[in-house]
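To start, the structure under review is shown below, and the notes come after it.
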Amino acid sequence: MKPRKISQTLLAERTGLSLPTLRNIQRGEPSVSIGHYLVVLSTLGLGADLSNVALIYF
């Protein structure tokens with residue numbers, strides 16, 4: 004995957020999520036809802052990649 008050059012602060016503004024939630028997503032914390040992951044992926048233009056995640060786990 005190609006790295007995105009976006010700060011956590013800008014991503015927080017664009018997604019409406021808090022910085023602690025974004026940090027939890029980056030760490031892969033299981034307590035974060037799948038909806039938050041989808042918001043971040045969509046904001047980064049990677050919403051379609053969620054289906055790839057589902058293929059790995061299901």
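Here the sequence shown stands for residues 4 to 61, where the numbers follow my numbering. Cβ atoms here follow ideal geometry from the backbone N, Cα and C, with glycine treated the same way.
With residue i as the anchor, note down where its alpha helix (DSSP H) starts and where it stops.
{"i": "Ala2", "result": "Summary: the structure shown does not reach residue 2, with the chain confined to residues 4 through 61, and so no result is reported for it."}
{"i": "Glu16", "result": "Gln11 to Thr18"}
{"i": "Arg26", "result": "Leu22 to Arg30"}
With 16 as the cutoff for other CB atoms within 10 Å, does residue i come out buried or exposed?
{"i": "Met4", "result": "For Met4, the predicted model reports a pLDDT of 43, less than 50, meaning its position is unreliable; a value from the coordinates is still stated below. Result: exposed."}
If I'm right that residue i touches residue j with Cβ under 8 Å, what's the distance once you round it to whole angstroms?
{"i": "Leu22", "j": "Gln29", "result": "With a Cβ gap of about 10 Å, Leu22 and Gln29 do not count as contacting."}
Looking only at its own chain, which residues have a Cβ that is under 6 Å from the Cβ of residue i, when we skip the five neighbours before and after it?
{"i": "Leu13", "result": "none"}
{"i": "Val42", "result": "Thr18"}
Can you list, in chain order, the residues of its chain with a C-beta nearer than 7 Å to that of residue i? Leave out the 5 residues immediately preceding and following it.
{"i": "His39", "result": "Leu20, Thr24 and Ile28"}
{"i": "Ala15", "result": "Ser21, Leu22 and Leu25"}
{"i": "Leu58", "result": "none"}
{"i": "Gly50", "result": "Leu41 and Leu44"}
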